Amino acid sequence: MGTSVTQPLPNSRTEPDGSAVIRVLSYNIRSLRDDEDALARVIRVCAPDLVFVQEAPRFFRWRKHAARLAAKSELVVLSGGATAAGPLLLCSLRATVEHTEDVLLPLTPGLHRRGFATAVVRFGAAARVGLISCHLSLRTDERYAQAGMLLDRIAAMDVPYAIAAGDINERPGGRGFRRLAAELQDCWAVTPWGGEYTSTPTDPHQRIDAVFATPGIEVLGCGVPVGLPGISDADLKAATDHLPVLAALRIPPRTS
Numbered sequence: 172m173g174t175s176v177t178q179p180l181p182n183s184r185t186e187p188d189g190s191a192v193i194r195v196l197s198y199n200i201r202s203l204r205d206d207e208d209a210l211a212r213v214i215r216v217c218a219p220d221l222v223f224v225q226e227a228p229r230f231f232r233w234r235k236h237a238a239r240l241a242a243k244s245e246l247v248v249l250s251g252g253a254t255a256a257g258p259l260l261l262c263s264l265r266a267t268v269e270h271t272e273d274v275l276l277p278l279t280p281g282l283h284r285r286g287f288a289t290a291v292v293r294f295g296a297a298a299r300v301g302l303i304s305c306h307l308s309l310r311t312d313e314r315y316a317q318a319g320m321l322l323d324r325i326a327a328m329d330v331p332y333a334i335a336a337g338d339i340n341e342r343p344g345g346r347g348f349r350r351l352a353a354e355l356q357d358c359w360a361v362t363p364w365g366g367e368y369t370s371t372p373t374d375p376h377q378r379i380d381a382v383f384a385t386p387g388i389e390v391l392g393c394g395v396p397v398g399l400p401g402i403s404d405a406d407l408k409a410a411t412d413h414l415p416v417l418a419a420l421r422i423p424p425r426t427s
């Protein structure tokens, strides 16, 4: 599955200066059509403060399914799901939630509806941080436009820092991916850790899922948690059709 973890990723903590180290996970869960218990085990071992989910359940009793996954993962539902056309945000109780909003993007006839799950949260004395979980289009031109909409959404959130993560549906050389990386930090490229490729679990050969952060957020490490103690290759293969991306980030303290 790629390069194994060679050193521990920093754990969540509050620094003496008031900054917060947080663990962020991005994961396409294919509407919980695979082994939900394996999925929850992977999430728990990653010990995230935030989970940026793509392809959350969107139909019958979708809220119940999302709540069940959150409970199994020892987290709570923050925002998103069917009301964001699939993206979902989960969080630990460490997060103080200020605002949530589900955003539906313009619909192209004949294509799948897309959206963003968004929130603004704080961790202790750290600065406010905006969050966006996304799953961009399979079509090149629409994907490029949605990347621009994501950047516009960050600008409109009126926060000093932001994190966006999700299934970009193209490799780093693609136009949409490059549009995001031109303004945001591509966390894997900044501080690679663990494995690189996210698709597919049985044959990892491409990086189409990513965590992005605005300038000023310190990237302590980011990558696929291959070989992380407690996570088996069997669980990674059984959980869904993507591999997760785990990042440790340091959010600066509030200045006022």
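In terms of my numbering, the sequence shown opens at residue 172 and continues consecutively.
The beta carbon of each residue, even a glycine, is placed where N, CA and C say it ideally should be.
Just so you know, these numbers come straight off a predicted model, no measurement behind them.
Nearest CA to the CA of residue i: which residue from the options?
| i | options | result |
| --- | --- | --- |
| P258 | R201, R310, D206 | R201 |
| I193 | P423, A419, R425, T426 | A419 |
| R421 | D380, C262, C393 | C393 |
| A296 | K408, P187, G347, A410 | P187 |
| G344 | A381, L321, M328 | A381 |
| A427 | V213, G189, L180 | Note that residue 427 is Ser in the sequence shown here, rather than Ala. Residue G189 is the option with its Cα nearest to S427. |
| V216 | W233, L246, R425 | L246 |
| L417 | A405, K408, V395 | V395 |
| R284 | E313, C262, M328 | E313 |
| A410 | R212, T185, P181, D273 | R212 |
In whole angstroms, give me the CA-to-CA distance for residue i and residue j.
| i | j | result |
| --- | --- | --- |
| F294 | T267 | 6 Å |
| G387 | P423 | 7 Å |
| T385 | V300 | 10 Å |
| S250 | F230 | 16 Å |
| E269 | V292 | 5 Å |
| R204 | Y368 | 22 Å |
| E226 | C305 | 10 Å |
| P277 | L322 | 15 Å |
| T271 | A288 | 8 Å |
| L240 | A316 | 31 Å |
| A327 | M320 | 10 Å |
| G398 | L407 | 10 Å |
| G366 | P375 | 9 Å |
| P219 | R234 | 21 Å |
Go to residue i, then tell me how far its beta strand (DSSP E) extends in each direction, as first and last residue.
| i | result |
| --- | --- |
| V248 | 247 to 251 |
| F223 | 221 to 225 |
| Y315 | Careful: Y315 lies outside any beta strand (DSSP E), inside the alpha helix (DSSP H) at 311 to 327. |
| I334 | 332 to 338 |
| L203 | Careful: L203 lies outside any beta strand (DSSP E) and carries neither H nor E. |
| G295 | Unbroken run through G295: none, as it is neither H nor E. |
With 16 other CB atoms within 10 Å as the buried threshold, where does residue i fall?
| i | result |
| --- | --- |
| T373 | exposed |
| Q178 | exposed |
| T311 | exposed |
| G347 | buried |
| N340 | buried |
| H413 | buried |
| N199 | buried |
| A242 | exposed |
| R378 | buried |
| P400 | exposed |
| A318 | buried |
| L180 | buried |
| G286 | buried |
Starting from residue i, trace the alpha helix (DSSP H) in both directions and tell me its first and last residue.
| i | result |
| --- | --- |
| E269 | From DSSP, E269 is part of no alpha helix (DSSP H) but of the beta strand (DSSP E) over 267 to 275. |
| H283 | Per DSSP, H283 belongs to no alpha helix (DSSP H) and is neither H nor E. |
| H306 | Premise fails: H306 lies in the beta strand (DSSP E), 300 to 306, not in any alpha helix (DSSP H). |
| F348 | 346 to 354 |
| R239 | 233 to 243 |
| V361 | 358 to 361 |
| A410 | 404 to 410 |
Please determine if the stretch 319 to 337 and the stretch 348 to 362 are in contact, where contact requires at least 3 C-beta pairs separated by less than 8 Å. yes
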